[in-house]
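Counting in mature numbering (1 follows the signal peptide of the UniProt record, and there is no 0), the sequence shown runs from 551 upward without gaps. Glycine is no exception: its CB is placed at the ideal position from the N, C-alpha and C atoms.
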Amino acid sequence: SEDARDRGLAFYHPARDSYSADRLTLASDLRHALKNDRLALYLQPKLLLKTGEVVGLEALIRWPDHKNPVPADEIIALAEQTGLIKPLTRWVLEQSLAVRSRLLEQGYTLGLSVNISPNNLREKDFPLYVQRLMSSYHSHHGAITLEVTETSMMQDPVNSLAALKSLHATGIPLSIDDFGSGYSSLSYIKQLPASEIKIDRSLVTDLATEAGDRVIVKTTIDMCHSLGYSVVAEGVEKQETLDLLEQMGCDMIQGYFLTPPLPFDDMTAWLDERARQ
Ligand code: C2E
Ligand code: CA
Ligand code: CA
Ligand code: CA
Numbered sequence: 551s552e553d554a555r556d557r558g559l560a561f562y563h564p565a566r567d568s569y570s571a572d573r574l575t576l577a578s579d580l581r582h583a584l585k586n587d588r589l590a591l592y593l594q595p596k597l598l599l600k601t602g603e604v605v606g607l608e609a610l611i612r613w614p615d616h617k618n619p620v621p622a623d624e625i626i627a628l629a630e631q632t633g634l635i636k637p638l639t640r641w642v643l644e645q646s647l648a649v650r651s652r653l654l655e656q657g658y659t660l661g662l663s664v665n666i667s668p669n670n671l672r673e674k675d676f677p678l679y680v681q682r683l684m685s686s687y688h689s690h691h692g693a694i695t696l697e698v699t700e701t702s703m704m705q706d707p708v709n710s711l712a713a714l715k716s717l718h719a720t721g722i723p724l725s726i727d728d729f730g731s732g733y734s735s736l737s738y739i740k741q742l743p744a745s746e747i748k749i750d751r752s753l754v755t756d757l758a759t760e761a762g763d764r765v766i767v768k769t770t771i772d773m774c775h776s777l778g779y780s781v782v783a784e785g786v787e788k789q790e791t792l793d794l795l796e797q798m799g800c801d802m803i804q805g806y807f808l809t810p811p812l813p814f815d816d817m818t819a820w821l822d823e824r825a826r827q
């Protein structure tokens, strides 16, 4: 969808006219789509630089058959505003476990990363739900990683930390998304029960040409390693960026340079193709 946005296609932006009739229609369309399994997950690989292996896939929400393309962040904003985020996140988690099982059947053992919203952290029963879900799928720890954005945690740092701790206690790995795009303090970051940090693509995409970004990214990688986190760089679009990140000791990358997010069948075709090389 970001491709489409770059090409200047018209998008519907529900967040910009919160009370319009259009928005109410869109909200009821979304409710309907969710109920009838008309949403989809696209998958984007996460590559371990040391070995060149794909080690995981991030699940990203799509609404394929809607009359205008609605970008993922707008789907999520709409779901958050209309109380649909709880069932939507649960749908995404269940689908992701199903995707993981289908991948296993095809010989791929890959972790799935799922984005969660600040509202999910406010649900008292979310950790219990996650724990039950994992055991009902007989999924081992590491099958699913939950990604939560730095910015969303900072809306309510104390309660977010408590919620992350109870999620962490269920054994599920946590990842701090969009790191470097917000204003969290380092003293907050060091307390997080996360295993992974994802450096925001705004710091990564122009790495080859922006000396300042290189300083920030290198320093972030070193700091995160010292704190015990593994580091993913998102938004890698060029070989040069990959090479720089490798020199800097970054652990993993994601980005259009490998592939944009793909639907399941295209993703397995992409994985098969790589395995043949
Ligand atoms: P995110 O979690 O930071 O996801 C990465 C976004 O960057 C995705 O956009 C992906 O398509 C895009 N991307 C990946 N590689 C590149 C690249 O090399 N260059 C550029 N320019 N973009 C790249 P997408 O799929 O439109 O998702 C946007 C945001 O919507 C996500 O950002 C995430 O915050 C949210 N989102 C998506 N799916 C879900 C979901 O199931 N639940 C929740 N709560 N949020 C979701
Ligand atoms: Ca993410
Ligand atoms: Ca991100
Ligand atoms: Ca983002």
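{"Query": "Sequence ranges, beta strand (DSSP E) only - wholly within the segment 651-711, length at least 3", "Result": "661-665 and 694-699"}
{"Query": "Helix, strand or coil at Asp-728 [DSSP, three-state]", "Result": "strand"}
{"Query": "Contact under 8 Å by Cβ, Leu-593 with Leu-584", "Result": "no"}
{"Query": "Whole-angstrom C-beta distance between Leu-736 and Ile-694, which should lie under 8 Å", "Result": "Between Leu-736 and Ile-694 the Cβ distance is about 28 Å, and since that is not below 8 Å, they are no contact."}
{"Query": "Proximity winner among Lys-596, Gly-602 and Arg-672, relative to Ala-783 (alpha-carbon distances)", "Result": "Lys-596"}
{"Query": "Cα-Cα separation between Val-605 and Gly-661, rounded to whole angstroms", "Result": "7 Å"}
{"Query": "Leu-812 versus Asp-623: straight-line alpha-carbon distance, rounded", "Result": "17 Å"}
{"Query": "Cβ-based burial, Val-781 [other Cβ within 10 Å; buried from 16]", "Result": "buried"}
{"Query": "Any non-hydrogen atom of ligand 1 closer than 7 Å to Val-791 Cβ", "Result": "The amino acid at residue 791 is misidentified as Val; the sequence shows Thr. Not so, every heavy atom of ligand 1 lies at least 7 Å from the Cβ."}
{"Query": "DSSP beta-bridge partners of Arg-612", "Result": "Ala-590"}
{"Query": "Buried versus exposed, by CB contacts within 10 Å (16 or more), Ala-713", "Result": "buried"}
{"Query": "Closest residue to residue 526 among Gly-730, Pro-668, Phe-676 and Val-698 (Cα-Cα distance)", "Result": "The chain is shown from 551 up to 827; residue 526 falls before or after that span and cannot be answered."}
{"Query": "Any residue whose CB is nearer than 6 Å to a heavy atom belonging to ligand 6, listed in chain order", "Result": "Ligand 6 is not among the ligands present in this structure, which contains only ligand 1, ligand 2, ligand 3 and ligand 4."}
{"Query": "For Asp-556, three-class secondary structure by DSSP", "Result": "Note that Asp-556 has pLDDT 46, beneath the 50 cutoff, so the model's placement of it is unreliable and the number below is only indicative. Three-state result, Asp-556: helix."}
{"Query": "For Glu-630, three-class secondary structure by DSSP", "Result": "helix"}
{"Query": "Ala-571 beta carbon near ligand 1 (any heavy atom closer than 7 Å)", "Result": "no"}
{"Query": "Uninterrupted alpha helix (DSSP H) stretches inside the segment 763-802 (no shorter than 4 residues)", "Result": "789-797"}
{"Query": "Inter-residue Cα distance where the pair is Glu-823 and Leu-574", "Result": "43 Å"}
{"Query": "Check: Arg-672 C-beta below 7 Å from any heavy atom of ligand 1", "Result": "no"}
{"Query": "Counterpart residues of Ile-749 in DSSP-defined beta bridges", "Result": "Phe-729 and Ala-783"}
{"Query": "Strand pairing of Pro-595, partner residues [DSSP]", "Result": "Leu-607"}
{"Query": "With 16 other Cβ atoms within 10 Å as the buried cut-off, status of Gly-785", "Result": "buried"}
{"Query": "Under 8 Å between C-beta atoms of Asp-750 and Gly-721", "Result": "no"}
{"Query": "Contact check, Pro-723 vs Ser-752, beta carbons under 8 Å", "Result": "no"}
{"Query": "Exposed unless 16 or more other CB atoms sit within 10 angstroms - verdict on Asn-670", "Result": "buried"}
{"Query": "Alpha carbon of Tyr-679 to alpha carbon of Trp-641, nearest angstrom", "Result": "12 Å"}
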